[in-house]
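Visitor:
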């Protein structure tokens, strides 16, 4: 006889009679067990002896515990919570004996083939977050149910595009650059706070206003969001032009207005 794994084995019954003793069913000894949780072949043995000690030929029942049929196919596969590098897949549960799901994918490009992303989720959850995807890329996914009886057919396809990476905007340029506390060797530069939280520092550039002079970097990065800076080591009796640039995660801003100063003689 054959039963399915996970079912209950019920003894079909037996009987024994003797030409002298009559019904000796009560004397039958049954040995052997059937583990219905484990696929395999099991043997049940039946022995009986009459009142004179004569043993009958042993009878044997073979019980096959077989795997269940494969689970049904997952349906209604959908994609949600799409970002630049991840997506959440969800689907309607398969029926039958299910122990997990296999997730397949391919790039939505000519000639691309399905590849295994997750060989077995090892649970019956009907959603899975896929990570480590490439931004701004088209993907197609399918899901297969896994059980003791094997694998289902594939679910429907779901296609999606990961989000394109967002560029970080340039910081706001400083405004209203002014000079104060001018001495022969120093000046304090100050400017209005751009009110930009992405700013991490400022670059200060200068030039000496003479024919052919070019802007040069005086301070590549102040390393703080302070909106004033004391420039030192200037030459006395010299003209200078200064400009300031905001620095942030998105790069550098446009330059501020320029401010010109003349250091006094020493």
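Numbering (this note's numbering), first residue to last: 9 to 274. Just so it is clear, CB atoms sit at the ideal spot from N, CA and C, and this is done for glycine as well.
#1: Give a yes or no on whether the C-beta atoms belonging to residue 17 and residue 71 are separated by under 8 Å.
#2: Taking the runs of the beta strand (DSSP E) that are 3 residues or longer, which of them lie wholly in the segment 164-191?
#3: So what does DSSP say about residue 51, is it helix, strand or coil?
#4: Quick one: is the Cβ of residue 209 within less than 7 Å of any heavy atom of the ligand MG?
#5: Does the Cβ of residue 150 have 16 or more other Cβ atoms within 10 Å, making it buried, or fewer, making it exposed?
#6: Cα-Cα, which of 261, 253, 250 and 246 is closest to residue 272?
#7: Beta carbon of residue 79, beta carbon of residue 103: below 8 Å?
#8: I need the straight-line Cα distance from residue 36 to residue 53, nearest angstrom please.
#9: Ends of the beta strand (DSSP E) at residue 10?
#10: DSSP beta-bridge partners for residue 57?
#11: Straight-line CA distance for residue 91 to residue 117?
#12: Just to check my reading of the structure: residue 40 and residue 106 have Cβ atoms closer than 8 Å, yes? What is that Cβ distance to the nearest angstrom?
Guide: On the basis of the coordinates in this document:
#1: yes
#2: 166-169 and 183-188
#3: It is a strand residue.
#4: Absent from the structure shown: the ligand MG. Ligands present: none.
#5: buried
#6: 246
#7: yes
#8: 10 Å
#9: 10-12
#10: 63
#11: 20 Å
#12: The pair is not a contact, with the Cβ atoms about 31 Å apart (cut-off 8 Å).
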